[in-house]
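Residue numbers (our numbering), protein chains in the order written: chain A, -9 to 235; chain B, -9 to 235.
Don't be surprised by glycine CBs; every beta carbon is placed ideally from N, CA and C.
One structure is given here, and the rest of the page talks about it.
There are 2 protein chains.
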Amino acid sequence: MVPDDDGAFAPTTEDAPSSSGFLDDGKNTIGSQLASRLREAIISGELQAGSKINLEKARKTFNVSLSPLREGLARLISDGLVEFEDNRGYRVSAISLANLEEITTLREEFEVFALRESMRLGDVEWEGNVMRALHRLNRTERDAARPETLERWEELHREFHLTLISGCGKPILLHFCRLLLNLNDRYRRVFLTRTSGDRNVSQEHSEIAQGAVARDMDYSCDMLRQHIHRTGTNLRDHLATKGIS
Amino acid sequence: MVPDDDGAFAPTTEDAPSSSGFLDDGKNTIGSQLASRLREAIISGELQAGSKINLEKARKTFNVSLSPLREGLARLISDGLVEFEDNRGYRVSAISLANLEEITTLREEFEVFALRESMRLGDVEWEGNVMRALHRLNRTERDAARPETLERWEELHREFHLTLISGCGKPILLHFCRLLLNLNDRYRRVFLTRTSGDRNVSQEHSEIAQGAVARDMDYSCDMLRQHIHRTGTNLRDHLATKGIS
DNA sequence: CCTTGACAGATAATCGATTATTTGGATAGT
DNA sequence: ACTATCCAAATAATCGATTATCTGTCAAGG
């Protein structure tokens, strides 16, 4: 119990907006690896929303012992993708219309706030990171026929949005936004394999990013809000189609 | 992996704004009990901010095995009170001026938004809960000489703030606010044993609550914002006094 | 004098087995 | 039929021991 250094929610392993991006590098322990694998399984829809996670089955499936399994699941709880109850075990967080709408609302509220703060506080390096993330995203094709392109695109899309707000200098806020993005991405991965025809998402991203580096707060924030809102509306329709309330 | 029911971040154990309040009832497993004990130890300052948590020592101190200890610590990570790194173990989240300022800023943003939503959506039961929480809080004395009164007051204070925003119908938002409140309470517990002389906190709470049930959005939100801001400023001064940057 | 590498002690991660709790179904009583 | 109670199987929680990893120290080499 010796005092040391570091700050709450300070950029740890996964948080550092290092040059190469946000996606975790050091998957050291079995627990960490499991967390990643489970996260992917949930976000991709492989593990059905709302389903109970049987520890014994999972243990066999992943060929690990209970301890690291619990370790991994514990992290997904922090991510909001898994829920837990004493003596009842773990289950994949359910999806619902209300949940999606809350996620959308909170993203509009907080991601936009974080963007504004980034524009206020971000330095030139932040600007550069934004432009790079934009470029990489727009250069990546999204072909519904090839799942690996979808995954790649999702990864870059996530990184773009996180980079946009990475200049805000508020680790806790970034943590919250990352969480909301996680939750949101699951809906998109499961329900939206291609963009609705009446949108030009690349252009939307460009407008947001250009506005951001130009420090045109009202414009860029408004674009981002609309971008998030449209995605929400889109997803809502798809949920309705599949009869999810 | 059988699908079932329930919603993401839906009011589970600790979330339910039931009649008796927010403070957890069912401390079933050793892991849960540990989480509570550790949380209290951290928020009260007993476990020094920034200090490393030696698993072996902790195991002996609490007289438990590793598994539930990790379980408990995992939950505190969700609460933002503990940090973790692969193969490096756990440590109590550090405190800093920047961290405090972020917490204050985000509370002003999030908690005020949640209050506005509560006023927009809350029903009569919510109003009743607010008035009850206010009454209980204002009837409880806070005597710096008797620590148990401080703890009790903190508990009721926390409950008052959570009740205020409990009508917003947004479980994830509530989760975020609870987290921020946790983090904030640690600063107050550690640095502020009594109210600064120039404030009448009871009256501030009354004004917020009265405005809330009267659905006077602008007034109530403004009062809450000021309330949070004053507390932040106050804490900042105390931190500065103790040479924390 | 500084750097590098190897060792030992400390600490974290994982495992397999054991214990506790819950759940669903069968049975007895109303 | 309906409810309550008790059992057994399923599942979660915990433990103690083992294995893997890290950290600091010290010696050899530059």
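Exposure of residue i, with buried meaning 16 or more beta-carbon neighbours within 10 Å
{"i": "residue 70/B", "result": "buried"}
{"i": "residue 46/A", "result": "exposed"}
{"i": "residue 186/B", "result": "exposed"}
{"i": "residue 56/A", "result": "exposed"}
{"i": "residue 115/A", "result": "exposed"}
{"i": "residue 242/A", "result": "Because residue 242/A is not part of the residues shown, which for chain A are -9 to 235, the question remains open."}
{"i": "residue 137/A", "result": "exposed"}
{"i": "residue 202/B", "result": "buried"}
{"i": "residue 51/B", "result": "exposed"}
Residue i: contacting residues in chain B (beta-carbon distance under 7 Å)
{"i": "residue 64/A", "result": "64"}
{"i": "residue 166/A", "result": "166"}
Expected contact under 8 Å - CB spacing of residue i and residue j to nearest Å
{"i": "residue 154/B", "j": "residue 100/B", "result": "No, residue 154/B and residue 100/B are not in contact; Cβ-Cβ is about 12 Å, not under 8 Å."}
{"i": "residue 93/B", "j": "residue 174/B", "result": "5 Å"}
{"i": "residue 146/B", "j": "residue 130/B", "result": "5 Å"}
{"i": "residue 66/B", "j": "residue 48/B", "result": "Not quite, the Cβ-Cβ distance comes to about 12 Å (not below 8 Å), so this is no contact."}
{"i": "residue 62/B", "j": "residue 37/B", "result": "Going by Cβ atoms, the distance from residue 62/B to residue 37/B rounds to 12 Å, so no, they are not a contact pair."}
{"i": "residue 39/B", "j": "residue 85/B", "result": "4 Å"}
{"i": "residue 43/B", "j": "residue 81/B", "result": "6 Å"}
{"i": "residue 64/A", "j": "residue 64/B", "result": "4 Å"}
{"i": "residue 179/B", "j": "residue 144/B", "result": "6 Å"}
{"i": "residue 68/A", "j": "residue 108/B", "result": "About 26 Å; that fails the 8 Å criterion."}
{"i": "residue 41/B", "j": "residue 76/A", "result": "So it is not a contact: roughly 28 Å between Cβ atoms."}
Alpha-carbon to alpha-carbon, residue j and residue i
{"i": "residue 191/B", "j": "residue 87/A", "result": "40 Å"}
{"i": "residue 19/B", "j": "residue 148/B", "result": "25 Å"}
{"i": "residue 78/B", "j": "residue 189/A", "result": "46 Å"}
{"i": "residue 183/A", "j": "residue 140/A", "result": "8 Å"}
{"i": "residue 253/A", "j": "residue 169/B", "result": "Not covered by the structure: residue 253/A. The range shown for chain A is -9 to 235."}
{"i": "residue 89/A", "j": "residue 228/B", "result": "40 Å"}
{"i": "residue 91/B", "j": "residue 54/A", "result": "42 Å"}
{"i": "residue 230/B", "j": "residue 181/B", "result": "11 Å"}
{"i": "residue 249/B", "j": "residue 83/B", "result": "No answer is possible for residue 249/B: the residues shown for chain B start at -9 and end at 235."}
{"i": "residue 220/A", "j": "residue 97/A", "result": "12 Å"}
{"i": "residue 210/B", "j": "residue 158/B", "result": "15 Å"}
{"i": "residue 124/A", "j": "residue 193/A", "result": "10 Å"}
{"i": "residue 35/B", "j": "residue 199/B", "result": "30 Å"}
{"i": "residue 212/A", "j": "residue 160/A", "result": "21 Å"}
{"i": "residue 176/B", "j": "residue 165/A", "result": "19 Å"}
{"i": "residue 117/B", "j": "residue 214/B", "result": "16 Å"}
{"i": "residue 150/A", "j": "residue 105/A", "result": "12 Å"}
{"i": "residue 120/A", "j": "residue 172/A", "result": "20 Å"}
{"i": "residue 216/A", "j": "residue 132/B", "result": "48 Å"}
{"i": "residue 207/B", "j": "residue 197/B", "result": "12 Å"}
{"i": "residue 142/A", "j": "residue 128/A", "result": "12 Å"}
{"i": "residue 204/A", "j": "residue 218/A", "result": "20 Å"}
{"i": "residue 134/B", "j": "residue 126/B", "result": "19 Å"}
{"i": "residue 236/B", "j": "residue 103/A", "result": "This structure does not reach residue 236/B, given that chain B is present from -9 up to 235, and the question cannot be answered."}
{"i": "residue 95/A", "j": "residue 226/B", "result": "32 Å"}
{"i": "residue 156/B", "j": "residue 113/A", "result": "38 Å"}
{"i": "residue 195/B", "j": "residue 152/A", "result": "37 Å"}
Under 9 Å from the C-beta of residue i: neighbouring residues of chain A
{"i": "residue 60/B", "result": "57, 60, 61 and 64"}
Chain A contact residues for residue i, given Cβ-Cβ distances below 8 Å
{"i": "residue 103/B", "result": "99"}
{"i": "residue 160/B", "result": "92, 95 and 96"}
Under 7 Å from the C-beta of residue i: neighbouring residues of chain A
{"i": "residue 68/B", "result": "67 and 68"}
Proximal chain B residues relative to residue i, where beta-carbon distance stays under 9 Å
{"i": "residue 52/A", "result": "Near residue 52/A there are no residues of chain B at all, since even the closest Cβ is about 12 Å away, more than 9 Å."}
Residue i: contacting residues in chain B (beta-carbon distance under 8 Å)
{"i": "residue 163/A", "result": "92 and 96"}
Within the region 11 to 70 of chain B, ranges of the alpha helix (DSSP H) (whole runs, at least 4 residues)
20 to 33, 45 to 52 and 56 to 68
Contiguous alpha helix (DSSP H) assignments of at least 4 residues, all confined to the region 158 to 201 of chain B:
161 to 181
Which runs of the beta strand (DSSP E), 3 residues or longer, sit entirely within the region 84 to 157 of chain A?
none
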